[in-house]
Amino acid sequence: MTASERPLTAMIGLPDGPPDCAAYGRAGGWQAVRRALRDMTPDAVIDLVTASKLRGRGGAGFGTGQKWSFVPKDPAATRRKYLIANADEMEPGTFKDRLLLEGNPLQLIEGMIVAGYAIQAGHGVIFLRGEYHLALDRLNQAIAEAHEVGWLGDNILGSGFGFEIHVHASGGRYICGEETALLTALEGRRAQPRSKPPFPQVGGLWGAPSVVNNVETLCNLPHIVTNGADWFRALGIGPDSGTKIYGVSGRVRRPGAWELPMGTPLREIVEHHAGGLRDGYRLRALLPGGASTAFLDAGQIDVAMEYGAVEKAGSRLGTGLAILLDDRTCPVGMLHNLEHFFAQESCGWCTPCRDGLPWVERLLQAIESGTGQPDDLDRLHDHARLLGPMGRTFCAHAPGAMAPLASGLNLFREDFEAHIRQRRCPLHATA
Amino acid sequence: MATILIDGRACPARTDENLLQACLEAGADLPYFCWHPELGSVGACRQCAVKQFSGPDDKTGRIVMACMTPVTDGAILSIDDPLAREFRAGVVEWLMINHPHDCPVCPEGGECHLQDMTVMTGHARRRYRFAKRTHRNQDLGPFINHEMNRCIGCYRCVRFYRDYAGGEDLAAFGAHDDLYFGRYEDGALENAFSGNLAEICPTGVFTDKPFSAVYSRKWDMRGAPSVCAHCAVGCNTIVNARQGSVRRVLNRYHDAVNRYVLCDRGRFGHGFTTMSTRPRAPTMRQDGLPVPVSIATALDRFAAMAADGPVVGIGSTRASLEANFALRALAGPARFSTGLAQPEHDLTLLVPALLRATPARNPSLHDMEAADAVLVLGEDVCVTAPRLGLALRQTLRRAAYPAADAAKVPRWMDAAVRMLGTDAPSPLLVLTPAPTDLDPIAATTHRAAPDDLARLGFAIAHRIDGTAPDAPDLSEPETRLAGSIAATLRAARRPLVVTGLHHASAALLHAAANIAAALHAAGTDPALSLVVPDGNSMGMALMGGLPLDAVRAMAREGEIGTLVVMENDLTRRLDAAALDDLLSAVPHLVVIDHIATPLAHRADLLLPATAFAESGGTLVNTEGRAQRFLPALAAELPLQESWRWLQQCAQAAGTANAPDWTDLDQVIAAMAREVPALAGAADAAPNADYRLDGRRLRSEPSRISGRTAVRANISVHDRPLPQSPDTPFSPSMEGAYATAMPGALIPFYQVPGWNSVQSLNRFQQEIGGPMRGGDAGTRLLDHDRPHDWHRDIPAPFTPAPDAFLLLPAPRLFGTEELSTLSPPIAARATPATLRLGTLPPGLQDGDTVRFTLAGERIALPIRHDPTLPPGIALCPPHMAARAFATPVRIRLHGNDTP
Amino acid sequence: MSTADPTLPPELRDRITGLARAEHRPRAAAISALTLVQDQFGWVSDPHLAETASLLGMSPADLDGIATYFNLIFRRPVGRHVIMLCDSVSCWIMGRDAVCARLQARLGIRPGETTPDGAVTLLPIVCLGHCDHAPAMLVDRTLHGDLDAETAERLADTLRTPAP
Ligand SMILES: Cc1cc2nc3c(=O)[nH]c(=O)nc-3n(C[C@H](O)[C@H](O)[C@H](O)COP(=O)(O)O)c2cc1C
Ligand code: SF4
Ligand code: FES
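Those protein sequences? They're chains A, B and C, same order as listed. Read in order, the letters of the first sequence are residues 1 to 431 in UniProt numbering. Read in order, the letters of the second sequence are residues 1 to 898 in UniProt numbering. Read in order, the letters of the third sequence are residues 1 to 164 in UniProt numbering.
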């Protein structure tokens, strides 16, 4: 594949580490800022991104241009607005944003300048996972350099547009990745999600119009502005445009992440790029896009990894990084691990999530450890049914938690029953 | 008005409310926890789930949280839907996972919202079989118990305490299912409204500590509507009593006054009623010692005294209108004193006159909450009228409404509205000599001596309306400040000016009135609120009488045979020398009181009166609202209401036209005839002959038990209960009770299925609106006099090199006379200090200084407070020197430290 | 450094005040300020928390509500080194339980505890974004992947000088 076919990662993995401003420019960087700030109106940038059909890479897949278009356009100079990069990557099984942050921080910075210009926000914030120490150092260094060179600061390229970026290192909570909780965290509060309306685009950080975009989403922008919407749309194989960073973890030969055309079949990712399952293991099922997506079973491996197709298959594209369950790993144990995560990471604001998830976790633990009771399965089904649909809990955390549970209860029914019947895990937790 | 369909029933609903409110107003039983009518919606507990359908053809519907969903015309919803029911039962089941199920030993039991909601959802069987988590509890001080294990994580406590009341020392800690609601460390809750947690928390985490110590079930107590007497706001309360003693005070909702919230002074101040030192029998001084006597002997003694010469009566601003009127009737209007010394007497009488003559609204507390600019001039309302200060705090919440409206966020969507209001400018402008609790949220604060604040006030008025007189010789910064405040107030639609008698300054009152009048002339809709000191100061102002100074003059002239002092500790009004002068010139001193005051110890005849909980009467609050309190306990002879004592004294003395009243209503009727300004007080509440469905109202919940059992060691027979002629209540559980009872006659809130205070929803016309049966009380003041500018502008305050102007700095706890006798309040009172802005040479923070104050030589530690204006000192009134209440100049005598 | 000095050093106070000033509201600096304190002392003691709160114009309760909410702020002393072993799904599949068991045995502590010599604290952590090198763990600021019981044990040993 040529560099232009994998624009996001072209500059990643250089022997000397991430490029500096000059190297980034030599390799084609900064063109987008030049083009946008010199030749395009903010609305033209929004229109271009809308035409590119870029969809959010943070998990929900919302149209990026459309999201921006909700930002009020009244006299910009008098109004504080914020452009926020969601770099809180904490979804288990997901490691794509770290790659982009550590590998090429200037790409994110350029994307943020473009996005900031489009919505006329003067303030950029990178909400970074607190554990990403290397990314923090590299981002701070890149920001300082970009500032020095003049890519950040007042009046960039004499355009009259000024933009600053601050990095906020999170105190650590999965829910901070949820965009409204992220805003609450930035305000120095317990990161509880907020109700909508107001949508962040209208009333976000400190009540000011704010756009929250995922790191990968933002990293696409320089390339879209530089190469155009048609080019970007053509990158995808199916209905979705662009490339996507896909990845695989679990018992495969070569776990990793790869930038591939949007719509690449899952089989190709698992078998070709990840090298298939390790010797002695068979694929049992997988979570296609992170811990909060529903299981697909091994037979569904030919699904195209694009928003619509994965949804049709009964799950979500999510972050696009798959977690594989092999035949020697206990599905009940895996669900217990997942629900332990979700229970721990509940923010504690709403009842069903705060008190329902720990119950689920304990039921799974009991079943896994051989003390399950027959009606425990009913309780688990109740929770999946009552918490699964959106709107029952305050935010999407609990529905996310119920996606693997609900699908897993169906898919692994016999495993559950065997656990309860035999009063032990028929497999050992890990082979 | 919209119409919504609830389970097929068409119900009217307002489009500015949410579906939960609409359902409750429609009388539906829809459970909830995190929503609170005064706190709005945040969607945390998920208990109020209902099914909403998009149209008549939608058969599937969608689960929504009623409290987070606005009413829309034609909305179709179902509470009864099986899935909605299952989800709600699930929510209670989740909430109960860690709950200790300790209802039998929980003080909340029987009036617990969690119990009610658990029953309502039908959750009855525990299916969770794993271990419960446990918490360590905290000592939160003398007011509130803490039992965190009962927490259901609804976040009401922190939302009330922090967001609503501005408290800083309570927070939510931890995350997921390991939440903790408490303080950073053990210690008394600092906020003045902490007691409300007992009512706000829907379960038994925060409960009333003094009440728990002598604990009773709600159904074992009698209730009576009452009015708080611990400041002039006049919050409406419910008094609960059992076995002859007051057990607790609860909030009684009044739409325009206290709404859902009482201050801690009001809630925990009732302890004086159960003091062991309380006078319980008439005593006569014989050979210098007080000797208990019978009522008849006491009255004979009074008759003998009265034969010795004219009777002069000294009334009280902490006693009811009826008690004062009875005294006035005994002594005659010309020999009746307000019990106030000048200048407080003059200023108190000035207040209603000013309110009547100023073209501005005289606002209720609820009205104040809607002000879009507030000037606080001189008065520290957070201590002189705490609930009023809380109302002013709410103006900030309203300041967020424009941003919320613009973002199309409903105003009850609490968290979102507060967030959108982050940068909304504060409407509060606080000009006071010393820092106040409102300062942190004020747009402007300014420190100056009272005279300088008054001058600033005059200057502000002049800048709003050029015809108002200007204050001469303002400094440059003062001129600028006056200009900017004038501009802010003028730009408001509903500006509010608040001042009061805190610094006994007529100039502050006049300046405030000028500002209000100027704002009126400038075309805004201004309000003027004047804060008087005591629970019935305003009633006394309307009744009128002589200042204490006049009584002293009469005594000096030998014109007093018997001085009757009623419910007034003159040691707080007159310094020791003045009081000695007065008493030595009076042959007989009669004291009527329900507390053992220093003055009572000097009485020749002491008549034990009932306290508020054992009597009925009327108080007029600072807004001129006459409000009736009714007895929760029968007065047991020889305790009698002051008015009964006075009426009997008049009869015994053979006074001409001695009244022959036998019940409270007769006193009120006589007062209405003789004091026209108080005629409206008769309408403050229905008379004792009020009947609902032809029956008296019951004062006890229908399930009252133990009435006989508690005295089973004496007798197992039911004992006939005394029937008070002063109230329309029966003394028992026999009688009528309905949600449409007059607001003035609500003895407790309870409806089937709703045993907690949350049942209040059923008694309101609409949630947060007036009571179904009409609000309590009646307003006596409306402006009806011609206006003229006030022109008495004081000279600038000039600090003297060797003296301080000592200003009274009342304490939330420890200043007000009655509450200070209540043990939990006393426990929160801190020792007096002398606060100085500038330290005189040779003195340091913490040094003790001596000075003469109100005739007493006192020594106080000093506290340096650099925010105070130069030349100003602060000291709590009545604490260091008993009679200190109004500003005086003092000279400090040297360093007393070794 | 598990015991705290009674007060924050002046430079730290200045940095916290500077952070607070740079924000739209001082409280927005809460996490960064707590992190600064923790970087210096290893954890956030009660007096440090109270002092930080006052620099941010917040009450201690308010700030502690935030400190106890987030995973990475330590309100109890930790060892000189902190091992955060991922306990999320990919690492679990790849055998983090065995790694954890070995670390526990070697260090003689359970997750959440600190070795008696104050050298190492062992904590679980959610997915570190290193799933392609599972099992993974973060030792202080350094990420380690492709662990097995032996490599993890060797790493832990280097943290304890002298080794036990
Ligand atoms: C519980 C939860 C966690 C989330 N975590 C992340 C995250 O770590 N990173 C991210 O970019 N989006 C996360 N999201 C999605 C964000 O809310 C939001 O949709 C996204 O940042 C928007 O960016 P995009 O439009 O560029 O995708 C999370 C959502 C939920 C409900
Ligand atoms: S303590 Fe009471 S009010 Fe606070 S969250 Fe718990 S149940 Fe709700
Ligand atoms: S009352 Fe509606 S969610 Fe709590």
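The beta carbon of each residue, even a glycine, is placed where N, CA and C say it ideally should be.
Count the other CB atoms within 10 Å of the CB of B:D569; is the residue buried (16 or more) or exposed (fewer)?
-> buried
Excluding the five sequence neighbours on either side, which residues of its own chain have a C-beta within less than 6 Å of the C-beta of B:V91, listed in chain order?
-> R46 and Q47, listed in sequence order.
Interface residues of the stretch 173-185 of chain B facing chain C [CB-CB below 7 Å] | F173, G174, A175, R183 and Y184
Report the neighbours of residue 903 of chain B on chain A: residues whose CB is nearer than 9 Å to its CB, in chain order.
-> The requested residue 903 of chain B is not part of the displayed model; chain B covers only 1 to 898.
Just to confirm, are B:L619 and B:N536 a CB contact at a threshold of 8 Å?
-> yes
Cβ neighbours of B:M741 in the same chain (closer than 6 Å, five flanking residues each side left out) | G773
Closer than 7 Å by C-beta to B:T739: which residues in its own chain qualify, once you throw out the five before and the five after it? Chain order, please.
-> V751, R762, F763 and R772
A:K96 burial status per 10 Å Cβ neighbour count (16 or more: buried) | buried
Which runs of the alpha helix (DSSP H) spanning at least 4 residues fall entirely within the stretch 56-131 of chain B, listed in chain order?
-> 82-95 and 113-121
Using 10 angstroms around the beta-carbon of C:T121, count the other beta-carbons present and answer buried if the total reaches 16, otherwise exposed.
-> buried
Over what stretch of residues does the beta strand (DSSP E) that includes B:K856 continue unbroken?
-> Checking the displayed sequence, the identity of residue 856 of chain B turns out to be Glu instead of Lys. B:E856 -> beta strand (DSSP E) spans E856 to H864.
Output the distance between the C-alpha atoms of B:L330 and B:H502, rounded to the nearest integer angstrom.
-> CA-CA distance, B:L330 to B:H502, rounds to 32 Å.
Contact list for C:D64 against chain B, beta-carbon separation under 7 Å = A171, F173 and Y184
Give me whichever residues DSSP pairs with C:I73 in a beta bridge.
-> Paired residues: none, contrary to the question.
For B:H790, three-class secondary structure by DSSP = Three-state DSSP puts B:H790 in coil, outside helix and strand.
Compare the beta carbon distance of C:V89 and C:P135 with 8 Å and say whether it is the shorter of the two.
-> no
Run the proximity test for B:L203: is its beta-carbon closer than 7 Å to any non-hydrogen atom belonging to ligand 2?
-> Checking the sequence, you will find Thr at residue 203 of chain B rather than Leu. Indeed, a heavy atom of ligand 2 lies less than 7 Å from the Cβ.
A:G124 CB to nearest chain C CB: under 8 Å?
-> Answer no: the Cβ-Cβ gap between A:G124 and chain C never drops below 8 Å.
Short CB-CB distance (under 8 Å) between A:Q344 and chain B = yes
At least 3 beta-carbon pairs within less than 8 Å: the stretch 424-437 of chain B vs the stretch 391-403 of chain B | yes
Given a limit of 7 Å on CB to CB distance, which residues of the stretch 346-374 of chain A reach chain B?
-> S346, C347, G348, W349, C350, T351, P352, R354, D355, G356, P358, W359 and R362
Of the choices B:A854, B:L574, B:E25 and B:P526, whose alpha-carbon is the least far from that of B:I767?
-> B:E25
Taking 7 Å as the cut-off, is the CB of B:Y180 close to at least one heavy atom of ligand 4?
-> Ligand 4 is absent from the structure shown, which contains only ligand 1, ligand 2 and ligand 3.
Whole-angstrom distance between A:W359 and A:A401, CA atom to CA atom | 13 Å
Under the three-state reduction of DSSP, which class applies to B:T283: helix, strand or coil?
-> Three-state result, B:T283: strand.
Neighbour list for C:P35 in chain A, Cβ cutoff strictly below 9 Å | Checking the sequence shown, residue 35 of chain C turns out to be Thr, not Pro. Residues of chain A passing the Cβ test: G130, A169 and G171.
So A:I269 and A:Y246 are in contact, right, with Cβ under 8 Å, and what is the actual spacing, rounded?
-> 5 Å
Please determine, among B:Q627, B:D665 and B:R259, the residue with the shortest C-alpha to C-alpha distance to B:R644.
-> B:D665
Assuming B:A241 and B:R265 form a contact by the criterion Cβ under 8 Å, report the distance between their Cβ atoms to the nearest whole angstrom.
-> In fact, because the Cβ distance is near 20 Å, the residues do not count as touching under 8 Å.
C-beta neighbour in chain A for C:I73, strict 8 Å = Cβ-Cβ to chain A under 8 Å: yes for C:I73.
Specify the secondary structure class of B:A298 as computed by DSSP and reduced to three states.
-> helix
Taking only heavy atoms of ligand 1 into account, decide whether any of them is closer than 7 Å to the Cβ of A:F62.
-> yes
What did DSSP end up calling B:L623 once you bin it into helix, strand or coil?
-> The sequence shown places Glu at residue 623 of chain B, not Leu. Here B:E623 sits in coil by DSSP.
Contact with chain A by B:W94, beta-carbon distance below 8 Å | yes
Going by the beta-carbon positions, is the gap between A:G61 and A:Y307 smaller than 8 Å?
-> Contact flag set, yes.
Between the CA atoms of B:K51 and B:G61 - distance to the nearest angstrom | 6 Å
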